[in-house]
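*Asks:* Structure incoming, see below.
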Amino acid sequence: MKYIFLTISLFILALTGFSQAGFIANGEVIDDSTKQPLAGASVFCQNTTIGAVTNSEGKFRLQLPAGGYDLVISYTGYETQELRINNTNAADLRIELKAKDKSMSEVVIASSTSDPDGLRKYGKFFTNNFIGTTPYSDSCIIENPQALQFFFSKKKNRLKVKGKEELIISNKALGYKIKYQLDSFIYEYGTDISSYSGYPFFETLTGTPEEQERWKKNRMAAYKGSRLHFMRSWYDSTLKDEGFVLEWVDPSHKTITTFDVQNPYDSFHYKTDENSDITINWKDSRLKVAYRGELPEKTYLVQNKMPLYIRGQITVLDIKDTFVIEPNGFFSDQADVINTGYWSWKKTADALPYDYEPGL
3 MKYIFLTISL FILALTGFSQ AGFIANGEVI DDSTKQPLAG ASVFCQNTTI GAVTNSEGKF
63 RLQLPAGGYD LVISYTGYET QELRINNTNA ADLRIELKAK DKSMSEVVIA SSTSDPDGLR
123 KYGKFFTNNF IGTTPYSDSC IIENPQALQF FFSKKKNRLK VKGKEELIIS NKALGYKIKY
183 QLDSFIYEYG TDISSYSGYP FFETLTGTPE EQERWKKNRM AAYKGSRLHF MRSWYDSTLK
243 DEGFVLEWVD PSHKTITTFD VQNPYDSFHY KTDENSDITI NWKDSRLKVA YRGELPEKTY
303 LVQNKMPLYI RGQITVLDIK DTFVIEPNGF FSDQADVINT GYWSWKKTAD ALPYDYEPGL
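Under this note's numbering, residue 362 is the last one in the sequence shown; the count climbs by one each step, no gaps.
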């Protein structure tokens, strides 16, 4: 599944499931027609810092921390392929890439309704909704904005943005360069809802000792209370210890009525399988997540016209179906868990890779 939305410390790594032994993903990438190896193909786990390029025989090998990942394989002139992997299905992969249909690409280009003046019209709006408006957003820059294509549908009252090429995003607040293959960004003006999908890959920036220390501090701040922090805590059965309070929203009441989830780990809602994955069963439910470990950013309260005395970071989860959490906080299917509130305010400028470790 393509990565949708994106947000991502543990406090003591050795005490959590994320410290479990890792695994190796390996295999070969070939042309699906000729069966010849594709040397120089890009193979990476999206939303991580872990990737490689295939050798002359089309082979690759990745050492991965315990958890789940979306493995992305791309090569110029070929369709990008994506595989969901964990420690049970990552060995000896044989990946066959299909050459892109050039005639279809030409048809798409010919029928394109992209706005040639889109960057001027919608660039700032897109940046606010993709990079974000948090304190870190001023230090998170798209270095090649000319790679963006803008499509506005007056009939649907919808803005769509695509990347003609890989976006290069420099985040000087957290110390990352993000290479982002943006498939699409969609904003619905009628509902004020935005979503985006694509393939992000993180690279750690080099910096002075002072910069490294600042990045370490900022990464920890970005992690605390984040969706990744929450998912790792739910996996480890440490929600309360980590500062999270979970409430169920009763749909039968006309006004918003919530009840504390007394035991988030009961056998009906929380099941462990033989691979140590956790299945969460809150299908067709709405949950309220409150993080008490940190105050909400004043910027968030001001932008959303909320009282400055609010003490917690509040997010609402609309859960369409059961989903699985793995040790690193990866969960699937992510499209079945829609978040609004504080987490939806945190966008690319506050994103951390799934292999992030506290203190680094």
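Each residue gets a CB set at the ideal place from its N, CA and C atoms; glycine is no exception.
With a threshold of 6 Å on Cβ separation, who are the neighbours of Thr317 within its own chain once the five nearest residues in sequence on each side are excluded?
*Replies:* The count along the sequence shown starts at 1 and reaches residue 317 at position 315. The residues are Val291, Asn341, Gly343, Tyr344, Trp345.
*Asks:* Go ahead and label Tyr130 buried or exposed: buried means 16 or more other beta carbons lie within 10 angstroms of its beta carbon, across all protein chains shown.
*Replies:* As a first step, residue 130 is located in the sequence shown; it is residue number 128 there, counting from the start. According to the sequence provided, residue 130 is Asn. The question's Tyr does not apply to it. Exposed, because fewer than 16 other Cβ atoms sit within 10 Å of the Cβ of Asn130.
*Asks:* Let me make sure I understand the geometry here. Which of Lys348, Gly331, Asp352 has the alpha-carbon closest to that of Ile363?
*Replies:* Since the first residue of the chain shown is 3 and the last is 362, residue 363 is not available in this structure.
*Asks:* Indicate, with yes or no, if the ligand MG has a heavy atom lying under 8 Å from the CB of Ala353.
*Replies:* Only the bare structure without any ligand can be found here, which leaves the ligand MG out of the picture.
*Asks:* Less than 7 Å between C-beta atoms, sequence neighbours within five positions excluded: which residues of the same chain meet that for Leu169?
*Replies:* For the purposes of this step, residue 169 is taken as residue 167 along the sequence shown, with counting starting at 1. Hits under 7 Å: Ile144, Asn146, Ala149, Tyr182, Leu184.
*Asks:* I need the boundaries of the alpha helix (DSSP H) containing Asn2, first residue and last residue.
*Replies:* This structure cannot speak to residue 2, because the chain is shown only from 3 to 362.
*Asks:* Is it true that the region 248-267 meets the region 298-309, where meeting means three or more beta-carbon pairs spaced less than 8 Å apart?
*Replies:* Contact fails: fewer than three Cβ-Cβ distances are below 8 Å.
*Asks:* Answer yes or no: do Lys322 and Lys273 have a C-beta to C-beta separation smaller than 9 Å?
*Replies:* Locating residue 322 in the sequence shown gives position 320, where the first residue counts as 1. Locating residue 273 in the sequence shown gives position 271, where the first residue counts as 1. No, the pair does not count as a contact, with Cβ atoms beyond the cut-off.
*Asks:* Once the 5 residues before and after Glu98 are set aside, which same chain residues still bring their CB inside 6 Å of it?
*Replies:* Residue mapping note: residue 98 aligns to position 96 of the sequence shown, counting from 1. Around Glu98: Ile32, Asp34.
*Asks:* If the criterion is Cβ atoms closer than 9 Å, does the pair Asn88 and Glu328 meet it?
*Replies:* Here residue 88 refers to the residue found at position 86 when the sequence shown is read from its first residue. Here residue 328 refers to the residue found at position 326 when the sequence shown is read from its first residue. Contact: yes.
*Asks:* With distances taken Cα to Cα, identify the nearest neighbour of Leu230 among Leu64, Arg63, Lys349.
*Replies:* For the purposes of this step, residue 230 is identified with residue 228 of the sequence shown, where counting begins at 1. Checking every option, the nearest Cα to that of Leu230 belongs to Lys349.
*Asks:* Scan the region 251-299 and note each continuous beta strand (DSSP E) run of 3 residues or more that stays entirely inside, going in chain order.
*Replies:* DSSP runs (the beta strand (DSSP E)) wholly in the region 251-299: 260-262, 272-274, 280-282, 287-293.
*Asks:* Buried or exposed for Ala101, going by 16 or more other Cβ atoms inside 10 Å?
*Replies:* Taking the sequence shown and counting its residues from 1, the one referred to as residue 101 is at position 99. By the neighbour-count rule (16 or more Cβ atoms within 10 Å), Ala101 is not buried but exposed.
*Asks:* When DSSP labels each residue in this structure, what does Lys349 get in the three-state scheme?
*Replies:* For the purposes of this step, residue 349 is taken as residue 347 along the sequence shown, with counting starting at 1. The answer is coil: DSSP assigns Lys349 none of H, G, I, E or B.
*Asks:* Give me, in chain order, the residues of the same chain whose beta-carbon lies closer than 6 Å to that of Ser11; leave out the 5 immediate sequence neighbours on both sides.
*Replies:* Counting from one through the sequence shown, the residue named residue 11 turns up at place 9. Note that Ser11 scores 33 on pLDDT, short of 50, meaning its location in the model is unreliable; the coordinates nonetheless yield the value given after this. Cβ within range, chain order: Met222, Tyr225, Pro360.
*Asks:* Whose C-beta lies closer than 8 Å to the C-beta of Thr301 among residues of the same chain, with five residues either side of it excluded?
*Replies:* Along the sequence shown, read from residue 1 onward, the residue named residue 301 stands at position 299. Thr135, Thr136, Pro137, listed in sequence order.
*Asks:* Fully enclosed by the region 294-331, which beta strand (DSSP E) runs are 3 residues long or longer?
*Replies:* Counting only runs of 3 or more, we get 315-321, 325-327.
*Asks:* Going by DSSP in three states, Glu98 sits in which element: helix, strand or coil?
*Replies:* Locating residue 98 in the sequence shown gives position 96, where the first residue counts as 1. Glu98 falls in the strand class under three-state DSSP.
*Asks:* How about Gly29 and Asp94: do their beta carbons lie closer than 9 Å?
*Replies:* For the purposes of this step, residue 29 is identified with residue 27 of the sequence shown, where counting begins at 1. For the purposes of this step, residue 94 is identified with residue 92 of the sequence shown, where counting begins at 1. Result yes, Cβ atoms of Gly29 and Asp94 sit closer than 9 Å.
*Asks:* Taking 9 Å as the threshold (C-beta atoms), are Ile133 and Ile75 in contact?
*Replies:* Sequence index remark: in the sequence shown, residue 75 carries index 73 (1-based). Sequence index remark: in the sequence shown, residue 133 carries index 131 (1-based). No, they are not a contact pair.
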